[in-house]
Amino acid sequence: MAQNLTNGQSKTERHDLVARIFRQKLIKFSNVLVGGQVFGSVKYWLYAIEWQKRGLPHSHILIWLTNTLRPNQIDDIISAEIPNPSTDKSLHDIVIKNMVHDPCGAFNSLSQCLKEGNCSKMYPRQFIKETQFATDGYPLYRRRKPEDGGQTATVKIKSDSVAIDNRWIVTYSPLLLKMFDAHINVECFNSVKSIKYILKYVHKYSDQGVFAAHSSKNCIDEISEYQAGHYISSNEAAWRIFGFPIHERHPTVIHLDMHLGNGKRIYFSEDNLQCRLANPPNTTLTGFFDLCKSNNFAKTLLYCNVPKFYTCDKNTDCYYIRLLFHKIKGPTSFKDLRKVNGIEYETYREACLALGLLENDNQWSEALKQAAYSDSSSKILTLFALILSFCEPSSPNAVWENNNDCMSEDILNKLRAENRHFVLNYTDSIYKESLIKIEDKVLQMVGKSLSEVGMLSPSRQHAHNMSREILRELSYDSDLLLNFVTQREPLLNTDQQAIYREVLRLYRKSEGGVIFIDATGGTGKTFLINVLLAKIRGKKNVALAVATSGIAATLMTGGRTAHSLLQIPIDFIYNEIPACNIKKGSAKADVLQEAKVLFWDEIL
Numbered sequence: 001m002a003q004n005l006t007n008g009q010s011k012t013e014r015h016d017l018v019a020r021i022f023r024q025k026l027i028k029f030s031n032v033l034v035g036g037q038v039f040g041s042v043k044y045w046l047y048a049i050e051w052q053k054r055g056l057p058h059s060h061i062l063i064w065l066t067n068t069l070r071p072n073q074i075d076d077i078i079s080a081e082i083p084n085p086s087t088d089k090s091l092h093d094i095v096i097k098n099m100v101h102d103p104c105g106a107f108n109s110l111s112q113c114l115k116e117g118n119c120s121k122m123y124p125r126q127f128i129k130e131t132q133f134a135t136d137g138y139p140l141y142r143r144r145k146p147e148d149g150g151q152t153a154t155v156k157i158k159s160d161s162v163a164i165d166n167r168w169i170v171t172y173s174p175l176l177l178k179m180f181d182a183h184i185n186v187e188c189f190n191s192v193k194s195i196k197y198i199l200k201y202v203h204k205y206s207d208q209g210v211f212a213a214h215s216s217k218n219c220i221d222e223i224s225e226y227q228a229g230h231y232i233s234s235n236e237a238a239w240r241i242f243g244f245p246i247h248e249r250h251p252t253v254i255h256l257d258m259h260l261g262n263g264k265r266i267y268f269s270e271d272n273l274q275c276r277l278a279n280p281p282n283t284t285l286t287g288f289f290d291l292c293k294s295n296n297f298a299k300t301l302l303y304c305n306v307p308k309f310y311t312c313d314k315n316t317d318c319y320y321i322r323l324l325f326h327k328i329k330g331p332t333s334f335k336d337l338r339k340v341n342g343i344e345y346e347t348y349r350e351a352c353l354a355l356g357l358l359e360n361d362n363q364w365s366e367a368l369k370q371a372a373y374s375d376s377s378s379k380i381l382t383l384f385a386l387i388l389s390f391c392e393p394s395s396p397n398a399v400w401e402n403n404n405d406c407m408s409e410d411i412l413n414k415l416r417a418e419n420r421h422f423v424l425n426y427t428d429s430i431y432k433e434s435l436i437k438i439e440d441k442v443l444q445m446v447g448k449s450l451s452e453v454g455m456l457s458p459s460r461q462h463a464h465n466m467s468r469e470i471l472r473e474l475s476y477d478s479d480l481l482l483n484f485v486t487q488r489e490p491l492l493n494t495d496q497q498a499i500y501r502e503v504l505r506l507y508r509k510s511e512g513g514v515i516f517i518d519a520t521g522g523t524g525k526t527f528l529i530n531v532l533l534a535k536i537r538g539k540k541n542v543a544l545a546v547a548t549s550g551i552a553a554t555l556m557t558g559g560r561t562a563h564s565l566l567q568i569p570i571d572f573i574y575n576e577i578p579a580c581n582i583k584k585g586s587a588k589a590d591v592l593q594e595a596k597v598l599f600w601d602e603i604l
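Mapped onto full-length UniProt numbering, the consecutive letters of the sequence shown carry residue numbers 1 to 604.
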């Protein structure tokens, strides 16, 4: 700030600099609190800015922590004591300069904090040896007496020197104080009652002022007497001119509609009455009903949790126009705004798509076309299955129609080789066989049919559409597996052999049971599991291997993650009764029913 002042100019005259510097400090402070996790992981936060009547800004910040602080943790991050100058002189000086409540009462009878002779801020506080939580949710911070190890200091009150102890210290964070060298009052709250008060304090109304010019006539206007004006200081005015936010919060608050079945509020005019009756607008509630009809994941959510994963499109044309204004220079009309490279598009959305401002399916089609130059159709099929499973293309049928030839090339070549005397081209039956292969891959990846990812599922006349899952588990080479077992069985140690024999005993007698193998890393658990898998699969039985992590799953032959095979819901904490998303009669259900043994690595 000093570098930007002219000769004879004081800091109080540069309201623009005050606003900009405070804004930068507030951003840095918020990053330290949230990103730096000074007090722990932050779940929610909000802040509001106020201006004192003297003009300087200050901020009230609230953060909700993921984990509740315990009294012994509070002493590590919040203090209400004078630091020892011999161990931390800089912190001691900052606390004395910024965090001392000026002694009032007998020391200064004119102090502004006095109300009817008592300190409205309740200073001096009481001495206490250990931090405690009071019944109202406000902690009683540790303030030790001098004889118990507490420090003392001397401060100036007008022209007099006054000795103070820990009773006069405003609570602070040592780390934040040393980083910002400012008055930063830090408090911890642990009850709804206290948080309710703090929220009111953060959002209290701004200062008000009334002024008027009266004539000499004795005319009393009672209405004018009660009119209130918004008082804005010069510093606040500069802040608002710059467009800096007065308050922010995370996450944002989203209004969810709540109404009866026939109780939607509809706004209409004489001109659009019939249109509104024929096509009433959706609300977030009716949109939630529609979402649950078509989305299995949405069925696992509570209404109040939907905004965490989905958004509602409102006034989309204005959004597209805003995007276009960031790309198109010198438009002369709304019609001109829809022109891209000399081509006029019918909608603003199409213009945005032409400019590449919106995500569309062109990237998926281009990826498939590029792959077609060098890869076989089986690999292109796998790539398309990956796109359907994890990338959520907006028009999967269009992507398929643009690339179905390159995905069906192997099938056509096979038919031509088997029927050399015929001229064969792509047919619907060839495309259908490709779609069956794609659906099998999608089923294997995410357990969904094509109809569940936005496409039409192909009909299967002679085979159940889930049979490929069983075939996958029964397609192992028995000779190779039994040879593997013959080589590895002699390598098992005594403990491994005991487990090996017990698992095979239960397997042969079909008794069932649960065996927990507890051993440290590197002792051969995975080696033992792979031998057992080979033994059981070599006898043409289904043996499954899953692991909590993908890395552990790859170490087991034919291993998969537990989420993939068992369809464990990722957000099960939002379900009162969480259940695996496996339907009766589905491929995964058939596999689990046929399985003789299931190995689960990293189960804890």
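Note that CB positions come from ideal geometry on N, CA and C, so glycine has one too.
All figures in this text were calculated on a predicted structure; none of them were measured in a lab.
Roughly how many angstroms separate the alpha carbons of residue i and residue j, rounded to a whole number?
| i | j | result |
| --- | --- | --- |
| residue 71 | residue 58 | 28 Å |
| residue 481 | residue 490 | 15 Å |
| residue 262 | residue 275 | 18 Å |
| residue 66 | residue 12 | 40 Å |
| residue 112 | residue 106 | 13 Å |
| residue 167 | residue 130 | 14 Å |
| residue 600 | residue 34 | 37 Å |
| residue 285 | residue 32 | 38 Å |
| residue 90 | residue 97 | 11 Å |
| residue 311 | residue 27 | 27 Å |
| residue 114 | residue 4 | 40 Å |
| residue 467 | residue 435 | In this predicted model, residue 467 has a pLDDT of only 49, less than 50, meaning its place in the structure is not dependable enough to derive any value. |
| residue 479 | residue 433 | 31 Å |
| residue 20 | residue 184 | 19 Å |
| residue 61 | residue 41 | 16 Å |
Would you give the residue range spanned by the alpha helix (DSSP H) that residue i belongs to?
| i | result |
| --- | --- |
| residue 239 | 234-241 |
| residue 691 | Absent from the structure is residue 691, since the part of the chain shown begins at 1 and ends at 604. |
| residue 401 | 396-407 |
| residue 90 | 89-98 |
| residue 508 | 494-509 |
| residue 75 | 71-77 |
| residue 249 | Where residue 249 is concerned, there is no enclosing alpha helix (DSSP H), although the beta strand (DSSP E) it sits in stretches over 247-250. |
How should residue i be labelled, buried or exposed, when 16 other C-beta atoms within 10 angstroms of its C-beta is the threshold for buried?
| i | result |
| --- | --- |
| residue 281 | exposed |
| residue 83 | buried |
| residue 81 | buried |
| residue 394 | exposed |
| residue 47 | buried |
| residue 24 | exposed |
| residue 602 | exposed |
| residue 188 | buried |
| residue 317 | exposed |
| residue 104 | buried |
| residue 654 | Outside the shown range of the chain, which is 1 to 604, sits residue 654, and nothing can be said about it. |
| residue 139 | buried |
| residue 18 | buried |
Can you tell me whether DSSP reads residue i as helix, strand or coil?
| i | result |
| --- | --- |
| residue 109 | coil |
| residue 561 | strand |
| residue 542 | strand |
| residue 319 | helix |
| residue 118 | strand |
| residue 148 | helix |
| residue 47 | strand |
| residue 438 | helix |
| residue 310 | coil |
| residue 348 | helix |
| residue 21 | helix |
| residue 340 | strand |
| residue 133 | strand |
| residue 520 | coil |
| residue 172 | strand |
| residue 156 | strand |
| residue 472 | helix |
| residue 446 | helix |
What is the residue span of the beta strand (DSSP E) that residue i lies within?
| i | result |
| --- | --- |
| residue 598 | 595-601 |
| residue 57 | 57-65 |
| residue 294 | No beta strand (DSSP E) holds residue 294; the alpha helix (DSSP H) holding it covers 284-294. |
| residue 160 | 160-164 |
| residue 486 | Residue 486 -> not in any beta strand (DSSP E); alpha helix (DSSP H) instead, spanning 478-488. |
Please tell me whether, using a cut-off of 7 Å, the distance from the CB of residue i to the nearest non-hydrogen atom of the ligand PLP is below it.
| i | result |
| --- | --- |
| residue 583 | The ligand PLP is absent from the structure shown, which contains no ligand whatsoever. |
Exercise for review: Report the residue ranges of all alpha helix (DSSP H) runs contained in full by the segment 355-386; include only those spanning at least 4 residues, in chain order.
Suggested key: Counting only runs of 4 or more, we get 362-372.
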